[in-house]
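Undergrad: For the sequence shown, the numbering used here assigns the number 1 to the initial residue and increments by one for each residue that follows. Every residue gets a Cβ at the ideal spot worked out from N, C-alpha and C, and that includes glycine.
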Amino acid sequence: MKYQNALDKLWNHANLPEKGLKREDSFLFTAWQAEQTRLPQDFQRLYEDTLSCLAVINIHLNGAVPSETITETPRPIDSALCYSMSAILCGGWSDYFKWSQKGAFPKDFLDAYASMLVRIGIAWDLVLAGDMDSIPEDTELEFRMQQA
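Listed below in structure tokens is the structure:
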């Protein structure tokens with residue numbers, strides 16, 4: 001996957017549809033579907049795709065081996081990337097809060113959804129840190145350390 005494709009997919013996950021991408025492949029569209037149907041949805045594939053996109057973004061921004069190329073020089077970050085990540089996280093947490101307040105879904109679904117949002121936030125933090133080589137693996141490690 002190339003940077004622009006990853007950016008387009010993140011834009012789509014933020015429910016800001018991109019031409020040629022299916023809304024069914026959008027994290028926030030799927031959250032909207034869950035609310036409309038009042039049925040828990042399967043977010044795992046969408047979560048994994050979001051992390052895959054962030055792995056591509058990480059290499060684009062921070063080099064092939066970020067831990068070896070970390071620099072003190074600030075790197076420009078595309079505002080569309082920042083907006084899509086903010087939309088995914090803000091929209092996701094807003095849905096979680098509303099659903100948990102209303103008791104709209106079973107606790108195990110809400111816990112899994114929140115866990116994915118925390119992990120997406122961690123992955124984004126790791127991209128911004130600029131020195132992590134494997135976003136999916138480092139995200140999981142950081143999540144487990146935070147939950148210990």
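(1) Quick one: what's got a C-beta closer than 8 Å to residue 81's C-beta in the same chain, skipping five residues either side?
(2) If we ignore side chains and look at the alpha-carbon of each, how far apart do residue 37 and residue 27 end up?
(3) Is it buried or exposed for residue 174, if we count other Cβ within 10 angstroms and need 16 for buried?
(4) Using alpha carbons as the reference points, say which of 23, 15, 14, 140 lies closest to residue 149.
(5) What is the residue span of the alpha helix (DSSP H) that residue 92 lies within?
TA: Reading it off the structure:
(1) 7, 10, 57
(2) Taken atom to atom, the span from the alpha-carbon of residue 37 to that of residue 27 is near 15 Å.
(3) Nothing about residue 174 can be reported from this structure: the residues present for the chain run from 1 to 148 only.
(4) Within the shown structure, residues of the chain are numbered from 1 to 148, placing residue 149 beyond reach of any answer.
(5) 79 to 102
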